[in-house]
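To start, the structure under review is shown below, and the notes come after it.
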Amino acid sequence: MASGITHQQLAPFGIEVRIDAARGLSAEDADELRRLFARDGLLVVRGLELTLDDQLEFCSLFGPVLRSEGETYVISNDPEKGILAGAELIFHSDIPYVPAPYAAGALYAVEVTEGVSPTRFASGFRAYEQLSPALRARVDGRNSIQMRTRVIDGRNRLTDAKPTDNCAVQAVVGRQAESGRPYLFTGETHTAAIIGLADDESEALLEELFALLYAEENIHDHEWRTGDLVLWDNLAVQHGRKPVTGGVRTLQRVSIGQFAYWDQYPVDRQTFEALKT
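If you're matching positions, the sequence shown starts at 0 in numbering that gives the first Met the number 0 and goes up one per residue.
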């Protein structure tokens, strides 16, 4: 049977997929999509017309989608449509400061003006491959402290934390569940320090890692069009954006993971509920 999908490689990483909507997806197509996603950790599908339920169904091909309150939402520079407005978001993985961060995230372009603030993706897979043997020896087996988000356009430090803030210890080098492939899991938003090193040593090592992670040759810029769906590995691939300066940019977010955010961090839900009253 002919495949209902075609694909092409993006630079420097990522895979663009075309889906024949008239044919639908076979079990073999779903297997191929999962294989492609595992390879680069970034899939781009163009020309879709999706409701939220459609997006949830598609994302369920890649793992359990989270449907509880707060796990699906709209990101928009129109405050009447969504959150996070137009501020810059520096590179990050989502919620690394809880024990089980999301496995993946997906954004669907509900309405966008082309050329307005691409989403930027940086590959932890590729960055690890660029480490020298000496640098690998320094990071393999080490852990870092991941801080709750208090700042969205800069580093979050231990001094930014409030008494009820959650933090988590995460491996500096993660391993992809399917293959064991290593990736760097340090980010300029949430990584406060590398455990076991003096402050100056930790900062110097993080700067070396960030230089590789965020080198232009390790970044894919996705230029949005209405109808795009982008799926990324939240552990191995980081994302960010420049400030949104004009036009329309409304994206619908779905998360994939084993545990919902508020199930892992109930104090934050209590704070959220208090703010609504």
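Glycine included, C-beta positions come from ideal geometry on N, C-alpha and C. The structure presented is a predicted model; accordingly, all values stated were derived computationally and were not measured.
| task | Counting only the same chain and skipping the five closest in sequence on each side, list residues whose C-beta sits under 8 Å from that of I194. | result | R141, N142, S143, I144, V168
| Is it buried or exposed for Q251, if we count other Cβ within 10 angstroms and need 16 for buried? | buried
| Under three-state DSSP, which class holds G3? | coil
| query | In terms of residue numbering, what span does the alpha helix (DSSP H) encompassing E15 cover? | reply | No alpha helix (DSSP H) holds E15; the beta strand (DSSP E) holding it covers 14 to 18.
| Does the distance from the C-beta atom of G62 to that of L234 stay below 9 Å? | no
| Whose CA, out of P11, D28, A10, lies closest to the CA of R17? | D28
| What residue range is occupied by the uninterrupted alpha helix (DSSP H) comprising Y260? | 260 to 263
| field | Assumed close pair P117, D232 - CB separation to whole angstroms, cut-off 8 Å | value | Not confirmed; about 19 Å, so no contact.
| H238 vs S92 beta-carbon contact at 9 Å | yes
| query | Can you tell me whether DSSP reads T158 as helix, strand or coil? | reply | helix
| When you compare only the Cα positions, how much space is there between A191 and E202? | 9 Å
| message | For F12, which residues in the same chain have their Cβ closer than 7 Å to its Cβ, ignoring the five residues on either side in sequence? | response | D39, L41, S122, R125, H219
| field | Local Cβ density within 10 Å of T188, reported as buried at 16 or more and exposed below that | value | buried
| field | Meets three-Cβ-pair contact criterion under 8 Å: the stretch 211 to 230 and the stretch 103 to 113 | value | yes
| query | Nearest CA to the CA of R147: which residue from G186, A170, D199? | reply | G186
| request: In the DSSP assignment, find the beta strand (DSSP E) that holds E110 and state where it starts and stops. | output: 103 to 111
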